[in-house]
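What follows is a short report on a single structure.
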Amino acid sequence: MRMLMHSGLLPRLLSILLLLLLWQLVTTFLSSGALPPPASVFAFVVTEAQSGDLVHHLTATLRRVFASFSLAMIIGGAIGVALGRSRVSDRILDSWLMILLNTPALVIIILCYVWLGLSETAAIAAVTLNKIPNVAVIMREGARSLDPQIEEMRQAFRFDRRTWIRHVLFPQVEPYAVAAARSGLALVWKVVLVVELLGRPDGVGYALSYYFQLFNVAALLGYSLVFTTVVLFIDTVVLQPLESYARRWRLVPSAA
Numbered sequence: 027m028r029m030l031m032h033s034g035l036l037p038r039l040l041s042i043l044l045l046l047l048l049w050q051l052v053t054t055f056l057s058s059g060a061l062p063p064p065a066s067v068f069a070f071v072v073t074e075a076q077s078g079d080l081v082h083h084l085t086a087t088l089r090r091v092f093a094s095f096s097l098a099m100i101i102g103g104a105i106g107v108a109l110g111r112s113r114v115s116d117r118i119l120d121s122w123l124m125i126l127l128n129t130p131a132l133v134i135i136i137l138c139y140v141w142l143g144l145s146e147t148a149a150i151a152a153v154t155l156n157k158i159p160n161v162a163v164i165m166r167e168g169a170r171s172l173d174p175q176i177e178e179m180r181q182a183f184r185f186d187r188r189t190w191i192r193h194v195l196f197p198q199v200e201p202y203a204v205a206a207a208r209s210g211l212a213l214v215w216k217v218v219l220v221v222e223l224l225g226r227p228d229g230v231g232y233a234l235s236y237y238f239q240l241f242n243v244a245a246l247l248g249y250s251l252v253f254t255t256v257v258l259f260i261d262t263v264v265l266q267p268l269e270s271y272a273r274r275w276r277l278v279p280s281a282a
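The sequence shown begins at 27 in my numbering and counts up one residue at a time.
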C-alpha cells in the first residue's frame, strides 16, 4: 500500500474508479442512449478485440505515429540546433518556422492529400510537417542555452565534431529533446486521428469516423478509451522515465 501511495499509482486508480462510478450513476438516471453504461462500452471493446479489428486499427495508427514522430524529431531537431547555433540561419528560417507553427493542422493535412494523393506517404508527411516546428522551436532554445565555458573548453582541447556532439552537445540538449518528444507526441496523437479520418482506410481515426456515421456511441467511447490508455501508457512508461534520465546530471549535487 505504501509503495502504491509513494509511486502515485493508488490515487490514479482511485480517481479512475471514481470516474467509472460517476459514469455508471449518470447512465442510470439518463434515459437516452447518448451515454451507454461502462459495461456496454467494455463489452464492445472485448468483442472488437476478439474480432481482430481493434488490433488492426490500433496497429495502423501506432505505425503512423512512430514513423511521423521519428522523422519529425530527426528533422526538427537538426533544424532547431542549426538555428540555435547560427544567427544567420535563425534570421533566414525563423519566419518560415513561425508560419508552419501557426498554420492550422487541418490546412497542412488537406494540402498534403491534394499534392501527394490519398496515400500513406501523404498521411505521414502531413503529421510530420505539423510536428517539425514544435520540435525545432524547443531544440533551438536548447542549443541557445549551451554553456559557453564548455564551448571554450572544446576549442581549447580541440575536440573533433563527433566527440563534441556526443559528449558536449547531446548531454546539454537532451532534456530539451525529451521535452520536445513529450509535447510533440501529444500533438502527433491528435493529428494522426484527423489524418486517418480524412483519408485513410484504417486506423483509430477511420474507426471513429465509421462508427460516428452509425451513431454507435459505445464504439466511439470504446475506441477513444483504448486509444487514450495507450497514449497514457507510453507517456508514463517510456517518456517520463526518459525525462528523468535526461535531467539526471542537473540533479547531481555539487561538491562542497
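Where is the CB? At the ideal position from N, CA and C, for every residue including glycine.
Fill in: alpha helix (DSSP H) segment containing ASN156, residue limits
Walking along the sequence shown from the start, residue 156 turns up at place 130. 146-170 is the extent of the alpha helix (DSSP H) around ASN156.
Discussion item. Tell me the residue span of the alpha helix (DSSP H) that contains PRO201.
Written reply: Position 175 of the sequence shown holds residue 201. 196-225 is the extent of the alpha helix (DSSP H) around PRO201.
Worksheet item: What residue does the alpha helix (DSSP H) around ARG188 start on, and which one ends it?
Response: What you label residue 188 is simply residue 162 of the sequence shown in a count that begins at 1. Counting along the chain, the alpha helix (DSSP H) containing ARG188 begins and ends at 187-190.
Worksheet item: Out of curiosity, what's the CA-to-CA distance linking LEU39 and SER66?
Response: Taking the sequence shown and counting its residues from 1, the one referred to as residue 39 is at position 13. Taking the sequence shown and counting its residues from 1, the one referred to as residue 66 is at position 40. Between LEU39 and SER66, the C-alpha separation is close to 21 Å.
Practice prompt. Note down, in chain order, each residue of its chain lying with its Cβ closer than 8 Å to the Cβ of SER280, except the 5 sequence neighbours on either side.
Written response: Residue mapping note: residue 280 aligns to position 254 of the sequence shown, counting from 1. For SER280, the pLDDT reaches just 45, beneath the cut-off of 50, and the residue's location in the model is therefore unreliable, leaving the point undetermined.
Discussion item. Is it buried or exposed, THR22, if we count other Cβ atoms within 10 angstroms and call 16 or more buried?
Written reply: Here the chain covers residues 27 to 282 and nothing more, so residue 22 does not appear.
Worksheet item: For the alpha helix (DSSP H) that LEU137 lies in, which residues bound it at each end?
Response: Taking the sequence shown and counting its residues from 1, one reaches residue 137 at position 111. Start and end: 131-142.
Discussion item. What does the alpha-carbon distance come out to for the pair THR262 and LEU126?
Written reply: Here the question's residue 262 lines up with position 236 in the sequence shown. Here the question's residue 126 lines up with position 100 in the sequence shown. Answer to the nearest angstrom: the Cα atoms are 29 Å apart.
Discussion item. Short of 6 Å in beta carbon distance, which residues of its chain neighbour ARG166, apart from the five on each side in sequence? Order them along the chain.
Written reply: As a working note, residue 166 is residue 140 in the sequence shown. Setting aside the 5 residues that flank it on each side, ARG166 is surrounded in the same chain by GLY106, LEU109, GLY110, each with a C-beta closer than 6 Å to its C-beta; the list follows chain order.
Discussion item. Please classify SER171 as buried or exposed, where buried requires at least 16 other C-beta atoms within 10 Å of its C-beta.
Written reply: Residue 171 sits at position 145 when you count from the first residue of the sequence shown. It counts as exposed.
Item to complete: Compute the distance between the beta-carbons of LEU251 and VAL71, then report whether it is under 9 Å.
Response: On the sequence shown, position 225 is the one that residue 251 refers to. On the sequence shown, position 45 is the one that residue 71 refers to. Taking 9 Å as the Cβ cut-off, LEU251 and VAL71 qualify as a contacting pair.
Discussion item. Can you tell me whether TRP141 is buried or exposed? The criterion is at least 16 other CB atoms within 10 Å of its CB, across all chains shown.
Written reply: Taking the sequence shown and counting its residues from 1, one reaches residue 141 at position 115. That one is exposed.
Worksheet item: Would you call TRP215 buried or exposed, if buried means 16 or more other Cβ atoms sit within 10 Å of its Cβ?
Response: For this step, residue 215 is matched to residue 189 along the sequence shown. Looking at its Cβ environment, which holds 16 or more other Cβ atoms inside 10 Å, TRP215 is buried.
Discussion item. Can you list, in chain order, the residues of its chain with a C-beta nearer than 8 Å to that of PHE265? Leave out the 5 residues immediately preceding and following it.
Written reply: The residue you call residue 265 lines up with position 239 of the sequence shown. The sequence given here has Leu at residue 265, not Phe. Once the five neighbours on either side are set aside, the close Cβ partners of LEU265 are VAL204, ALA207, ARG208, LEU211.
Discussion item. Please report the straight-line C-alpha distance between LEU84 and ALA244, rounded to a whole angstrom.
Written reply: Position 58 of the sequence shown, counted from the start, is the residue given in the question as residue 84. Position 218 of the sequence shown, counted from the start, is the residue given in the question as residue 244. Near 17 Å, if we compare the C-alpha coordinates of ALA244 and LEU84.
Worksheet item: So, using beta-carbon positions, are ARG89 and LEU144 closer together than 9 Å?
Response: Position 63 of the sequence shown, counted from the first residue, corresponds to residue 89. Position 118 of the sequence shown, counted from the first residue, corresponds to residue 144. No, Cβ-Cβ distance for ARG89 and LEU144 is not below 9 Å.
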